[in-house]
Structures are given as C-alpha cells and as structure tokens.
Amino acid sequence: DTGVSQDPRHKITKRGQNVTFRCDPISEHNRLYWYRQTLGQGPEFLTYFQNEAQLEKSRLLSDRFSAERPKGSFSTLEIQRTEQGDSAMYLCASSQDRGHQPQHFGDGTRLSIL
Amino acid sequence: GEDVEQSLFLSVREGDSSVINCTYTDSSSTYLYWYKQEPGAGLQLLTYIFSNMDMKQDQRLTVLLNKKDKHLSLRIADTQTGDSAIYFCAESRAGGGNKLTFGTGTQLKVEL
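First to last, the protein sequences are chains A and B. Everything in the first sequence is counted per the working numbering, starting at 1 for the first residue and increasing by one. Everything in the second sequence is counted per the working numbering, starting at 1 for the first residue and increasing by one.
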C-alpha cells in the first residue's frame with residue numbers, strides 16, 4: 001500500500017495557462033476527493049467521485065475547474081486560464097465506501113501562478 | 001450552516017500535555033476527525049470519533065466530544081518536539097458523501 005500519490009508536487013505557471021494535476025488513490029479505494037487549501041486555512045472541499053461517477057461538483061470554484069476519473073482509478077483536476085487567485089495547495093484524498101471509512105490524503109500539489 | 005472553529009496557536013513545553021480545542025455548528029455531524037499537517041506535506045489522519053461517543057483514546061491521544069455543546073478536543077500526552085505541526089479538526093455529515101469540513105487549524109509549537 002503506497003498511499004495516495006499526487007503529481008506534480010509543485011507547479012509554477014504563468015497566468016492564463018492551463019494546468020492539470022493527477023491523483024492516484026490507494027488501490028481498492030473507490031471514493032476519491034479533491035480539496036483546495038490556501039495559506040493559513042483548512043482544506044476546502046471541491047468535488048468527489050465514487051468509482052468513475054462524479055457525485056458532487058457544485059463546490060468547484062468556477063467553470064474553469066473540471067475533474068475526471070475516467071476508469072474509476074486515477075483522477076485529474078484541470079484548471080483552465082489560471083488566475084493568481086488559483087495559487088494554493090490542491091489535495092487529493094481517497095477512502096473505501098463500505099461502512100464508515102476515513103479519508104487518507106496525499107501530499108498535495110502546490111500551484112503558484114506568476 | 002457548516003462552521004468549524006479552532007484557536008490559531010498553542011505553545012507547550014516538551015513533556016507537558018497539549019489540549020487543542022474545536023467547536024462546530026452542524027448538529028447533524030456524524031463523525032469528527034483530527035488530522036495533522038507538517039510543513040509542505042498533506043494531512044495525516046490521527047484519529048476520529050463517532051458522534052454517539054464521548055471519548056476515544058489511542059496511545060498518547062485522547063479525544064473528548066461534548067455533543068451538547070458541539071465541542072471537540074484533542075489531548076496529546078507527553079508532547080514531543082515531533083508533535084509540532086498544524087492540527088485540523090474536521091466534521092462530516094450523513095448523506096454528504098463523507099465530504100469533510102475543516103477548521104482553520106491550530107499551530108502547535110513544542111518548546112524544549
């Protein structure tokens with residue numbers, strides 16, 4: 001069990017560029033969550049998947065944000081036309097869905113917009 | 001509405017006990033969690049408690065839950081320098097897909 005893996009760990013890009021982050025959950029975890037954490041704050045829920053189905057996306061911050069999990073395994077989070085306010089840590093978590101199972105987090109992708 | 005609050009900072013001496021407090025507003029919270037975050041890293045799950053319980057102990061960690069007052073605390077016994085980190089309280093609700101609502105975090109500093 002290698003834990004939740006996120007790639008890249010750091011991303012620096014210019015304003016207006018598109019970025020894509022990847023998350024590989026713990027194997028056999030069929031729930032996958034994305035959160036955003038800004039400096040000095042706790043993580044803020046964005047969206048989650050049960051297998052390949054995206055069950056809630058109302059918290060995605062704007063239509064520039066989208067997430068996919070096409071085969072029910074890894075997931076990608078894309079931000080189009082990045083803005084300076086998108087600078088944050090993007091965290092992925094996964095859990096099993098039988099009974100109550102806590103979420104386990106990856107180390108995150110830190111995004112810096114120049 | 002959903003709101004989780006924590007004090008921002010706590011400083012203790014090595015070997016003392018630390019108590020980190022959290023209040024929440026959502027009476028439908030089912031599980032409450034404590035996560036630890038070290039600089040530049042993700043969140044490490046420490047422990048969690050079901051809302052029907054009032055206490056849970058796990059080695060040096062003791063969680064107390066006062067559901068009536070919506071107050072959660074984390075006690076760390078024999079605090080060590082390696083415990084220095086930010087500690088987040090979080091809650092989840094039934095039927096919410098288990099998504100978590102976090103507090104702003106408490107920075108724990110352990111001094112020699």
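Where is the CB? At the ideal position from N, CA and C, for every residue including glycine.
Nearest to residue i (by Cα), restricted to the options the options
i: Thr101(B); options: Asp7(A), Arg36(A) and Ile26(A); result: Arg36(A)
i: Met89(A); options: Cys23(A), Gly106(A), Arg110(A) and Tyr33(A); result: Arg110(A)
i: Ala94(B); options: Gly3(A), Ser73(A) and Asp97(A); result: Asp97(A)
i: Glu91(B); options: Ile26(A), Gln80(A), Phe21(A) and Gln103(A); result: Gln103(A)
i: Ser11(B); options: Gly103(B), Ile76(B) and Cys89(B); result: Ile76(B)
i: Leu32(A); options: Gln41(A), Gly16(A) and Gly106(A); result: Gly106(A)
i: Val4(A); options: Ser27(B), Ala41(B), Ser28(B) and Ser51(B); result: Ala41(B)
i: Asp7(A); options: Asn18(A), Glu52(A), Cys23(A) and Val19(A); result: Cys23(A)
i: Gln41(A); options: Val4(B), Ser29(B), Asn52(B) and Gly15(B); result: Val4(B)
CB of residue i within 8 angstroms of CB of residue j, strictly
i: Leu43(B); j: Asp83(B); result: no
i: Arg64(A); j: Thr47(A); result: no
i: Thr82(A); j: Thr13(A); result: yes
i: Leu64(B); j: Asp54(B); result: yes
i: Ile20(B); j: Leu61(B); result: no
i: Leu91(A); j: Gly72(A); result: no
i: Gly15(B); j: Asp58(B); result: no
Close Cβ partners of residue i (< 8 angstroms) along its chain, the five nearest in sequence each way excluded
i: Ala67(A); result: Trp34, Leu46, Thr47, Phe49, Gln54, Lys57, Leu60, Ser75, Thr76, Leu77 and Glu78
Buried or exposed (CB count within 10 angstroms, at least 16 for buried), residue i
i: Ser27(A); result: exposed
i: Gly1(B); result: Confidence at Gly1(B) is low in this model, with a pLDDT of 47, below 50, so the placement of that residue is unreliable and no value is reported for it.
i: Lys68(B); result: exposed
i: Pro70(A); result: exposed
Integer-rounded CB distance, given that residue j should sit under 8 angstroms from residue i
i: Gln80(A); j: Arg15(A); result: Actually they do not touch by this definition, with Cβ atoms about 12 angstroms apart.
i: Gln37(B); j: Thr106(B); result: Actually they do not touch by this definition, with Cβ atoms about 11 angstroms apart.
i: Ser94(A); j: His29(A); result: 4 angstroms
i: Cys89(B); j: Leu112(B); result: Going by Cβ atoms, the distance from Cys89(B) to Leu112(B) rounds to 27 angstroms, so no, they are not a contact pair.
Residues of its chain near residue i, where Cβ-Cβ distance is below 6 angstroms and the 5 sequence neighbours each way are ignored
i: Tyr48(B); result: Tyr31 and Tyr33
i: Pro25(A); result: Val4, Leu32 and Ser94
i: Lys99(B); result: none
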